[in-house]
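Engineer: If you use the numbering used here, the sequence shown corresponds to residues 1293 to 1688, in order.
Glycine is no exception: its CB is placed at the ideal position from the N, C-alpha and C atoms.
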Amino acid sequence: MRGAVEGIAERISSIGVSSTMQVAADAAALRARGVDVVDLGAGEPDFPTPGNIKQAAVRALEENFTKYTAAAGTPELRQAVCEAHARDFGTAYKPEECIVTAGGKHAIFGFTQALIDPGDEVVIPVPYWVTYRDVVNYAGGRCVFVETEEANGFALTAAMIAAHLSGRSRMVIVNSPANPSGAIVDRGEFEKIVRLASERGIYVLTDECYCHILYDSAPFSAASLPGAKDTLLVAGSLSKTYAMTGWRIGFGLAPAPIVAAMTKLQSHSTSNPNSIAQKAAVEALSGPQDSVAAMLAEYRRRRDFVVRRLRAIPGITCVEPRGAFYVFPNVSAALGKNGMETTAQLAGRLLAEARVAVVPGEAFGAGRRLRISYAASMAELDRGLDRLRDFLVKYS
Ligand code: GLU
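1. Any contact of the region 1597-1605 with the region 1402-1409, i.e. 3+ C-beta pairs under 8 Å?
2. Please determine, among 1322, 1528, 1531, 1486, the residue with the shortest C-alpha to C-alpha distance to residue 1519.
3. For the structure I just gave you, are there three or more beta carbon pairs, one from the region 1506-1516 and one from the region 1360-1374, closer than 8 Å?
4. Would you list the one or two residues that DSSP bridges to residue 1543?
5. According to the Cβ coordinates, are residue 1357 and residue 1567 closer than 7 Å?
6. Within the same chain, show all residues whose beta-carbon is closer than 6 Å to that of residue 1643, passing over the 5 residues directly before and after it, in chain order.
7. At 4 residues or longer, and completely inside the region 1544-1597: list those alpha helix (DSSP H) runs for me, N to C.
8. Rounding to the nearest angstrom, what Cα-Cα distance links residue 1638 and residue 1632 in this structure?
9. Is residue 1615 helix, strand or coil when you go by DSSP?
10. Scan the region 1296-1324 and note each continuous alpha helix (DSSP H) run of 4 residues or more that stays entirely inside, going in chain order.
11. Who pairs with residue 1665 in a beta bridge, going by DSSP?
12. With contact counted as at least three CB pairs below 8 Å, one residue from each stretch, are the region 1550-1564 and the region 1574-1586 in contact?
13. Name the one or two DSSP bridge partners that residue 1605 has.
14. Looking at ligand 1, does it come within less than 6 Å of residue 1622, judged from the CB to the closest heavy atom?
15. Would the beta-carbon of residue 1526 fall within 7 Å of that of residue 1545?
16. What is the rounded straight-line gap between the Cα of residue 1412 and the Cα of residue 1497?
17. In the DSSP assignment, find the beta strand (DSSP E) that holds residue 1413 and state where it starts and stops.
18. Could you tell me if the beta carbon of residue 1312 falls within a distance shorter than 6 Å of some heavy atom in ligand 1?
19. Between residue 1418 and residue 1436, how many whole angstroms is the CB-CB distance? I'm expecting something under 8 Å.
20. In whole angstroms, give me the CA-to-CA distance for residue 1512 and residue 1331.
21. Compute every distance between the C-beta of residue 1335 and the non-hydrogen atoms of ligand 2, then say whether any falls below 6 Å.
22. Can you tell me the Cα-Cα spacing of residue 1573 and residue 1376, whole angstroms?
23. Residue 1516 by DSSP, collapsed to three states: which one?
24. Quick one, which of 1685, 1540, 1478, 1299 has its alpha-carbon nearest residue 1615's?
25. DSSP on residue 1533, reduced to helix/strand/coil?
26. Quick one, are the C-beta atoms of residue 1396 and residue 1583 less than 7 Å apart?
27. Let me check one thing: in DSSP terms, what residues is residue 1435 bridge-paired to?
28. For ligand 1, any of its heavy atoms closer than 6 Å to the Cβ of residue 1471?
29. Can you find at least 3 beta carbon pairs, one from the region 1457-1470 and one from the region 1488-1496, that sit closer than 8 Å?
30. Pick from 1393, 1351, 1349: whose alpha carbon is nearest that of residue 1370?
31. What is the rounded straight-line gap between the Cα of residue 1531 and the Cα of residue 1542?
32. In three-state terms, what does DSSP make of residue 1494?
33. Evaluate residue 1570 with the Cβ neighbour count: other Cβ atoms within 10 Å of its Cβ, from every protein chain shown; 16 or more gives buried, anything less gives exposed.
34. Quick check: what's the CA-CA separation for residue 1429 versus residue 1607?
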């Protein structure tokens, strides 16, 4: 059967363009026309990639490390990923349980392609990062959404997941700290989730993209829990931790047969992750880690600033994020008037009239909110929040 658009395959018609990437593209297009846009849309660190990492890439070029590598990544990098994960979280992965991918997103894509058959159910907490829904749909799976409560800081519990499992459940996706809410699943709750999943014979895909950006708790990986490895699929990323979004290096940690299945797919799709970026990634993971702490200190300063400024705007409520670099304020008070029924309409008007880019809550399955990224400089945040406040006051 063919998709809704003439000639386009059904599986492509089942997905949309990533809303986060779309907002970034819209803001960039306006900027290219000379418009002064404050971009608080896509979650992309404004910091440059640390110098030692860039130098490793320069060395790779000078040494002509510019050819194909093994499909699953170089043995050196797979080893470095396992060692860094062991150092940071106390886990024990072997290189055959590790695949290097073109960003964390591609590890998530690989996991869903390797494990989801048509009709399989995947439990996804709401609000969710935009890509989870679409990669599950692309695999022919069925998304089963679990609503979390803003009043509880969008906290996810094992009991909430249990209430949504069925005989067709195959996987649950947990993202801690979460994009867009900044919520965290703590060790005790993760233990319950992993126990539940192992009893029911389903996988937990744990997306650790923001695992080093935590404000009130120590870095934690569910993979350090005793006996958890058979149940867990870890998706990791260097993009946020080391300000390396454009380099496209992420990884998956999982039982070796799953890694082998993903490697087969990778050998026919991307061939291998970029060779130069892989050398840089070895340095990122094994070299000095001070830049990680320095960026975290700055994110904390920005979080406090943004939450304070948002809470000062009449009608806005805002949960304080415990990790990652997004706030997800409730803007219900601004909806239902002035032609703005949805946050998509509100975000569209904000960009068109106030020249500030944010992502509408509907993209994350949770309308009535906007996602604001504070991976932007204090000066940009200040300007953006002024514009947001003036816009909301004008239309209140
Ligand atoms: N993950 C970031 C975000 O949510 C970057 C864009 C993307 O990959 O979706 O904005």
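Structural biologist: So, from the listed chains and residues:
1. Look at the beta carbons and you see the region 1597-1605 not touching the region 1402-1409: under three pairs across the two are nearer than 8 Å.
2. Distance check between residue 1519 and each of 1322, 1528, 1531, 1486 places 1486 closest, using alpha-carbon atoms only.
3. The answer is no - the region 1360-1374 does not touch the region 1506-1516, with fewer than three Cβ pairs under 8 Å.
4. Paired residue(s): 1392, 1528.
5. Going by C-beta atoms, residue 1357 is nearer than 7 Å to residue 1567.
6. So the list reads 1649, once near-sequence residues are dropped.
7. List check, alpha helix (DSSP H) in window: 1548-1560, 1567-1578.
8. Approximately 6 Å between the Cα atoms of the pair.
9. Three-state result, residue 1615: strand.
10. For the region 1296-1324, the continuous alpha helix (DSSP H) assignments of 4+ residues that do not extend past its boundaries occur at 1302-1305, 1311-1324, in sequence order.
11. Paired residue(s): 1618.
12. No contact exists between the region 1550-1564 and the region 1574-1586.
13. According to DSSP, residue 1605 bridges with nothing at all.
14. Not a single heavy atom of ligand 1 lies less than 6 Å from the C-beta of residue 1622.
15. At a Cβ-Cβ threshold of 7 Å, residue 1526 and residue 1545 count as neighbours.
16. Spanning the two alpha carbons is a distance of roughly 15 Å.
17. Start and end: 1413-1418.
18. At least one heavy atom of ligand 1 sits closer than 6 Å to the Cβ of residue 1312.
19. So it is not a contact: roughly 10 Å between Cβ atoms.
20. Straight through space, the alpha carbons of residue 1331 and residue 1512 are spaced by roughly 31 Å.
21. Absence of ligand 2 from the depicted structure is noted, with ligand 1 being the only ligands included.
22. Rounded to the nearest whole angstrom, the C-alpha separation of residue 1573 and residue 1376 is 11 Å.
23. Three-state DSSP puts residue 1516 in a helix.
24. Among 1685, 1540, 1478, 1299, the Cα nearest to that of residue 1615 belongs to 1478.
25. Residue 1533 falls in the coil class under three-state DSSP.
26. If you check the CB distance, residue 1396 and residue 1583 do not come in under 7 Å.
27. 1414.
28. In this structure, residue 1471 has its CB closer than 6 Å to one or more heavy atoms of ligand 1.
29. Between the region 1457-1470 and the region 1488-1496 there are three or more C-beta pairs closer than 8 Å, enough to call the two in contact.
30. The residue with the shortest Cα to Cα distance from residue 1370 is 1393.
31. Counting only the Cα atoms, residue 1542 lies some 7 Å from residue 1531.
32. In the three-state reduction of the DSSP assignment, residue 1494 falls in the coil class.
33. Answer is buried; the Cβ neighbour count reaches 16.
34. In a straight line, the C-alpha of residue 1429 is about 36 Å away from that of residue 1607.
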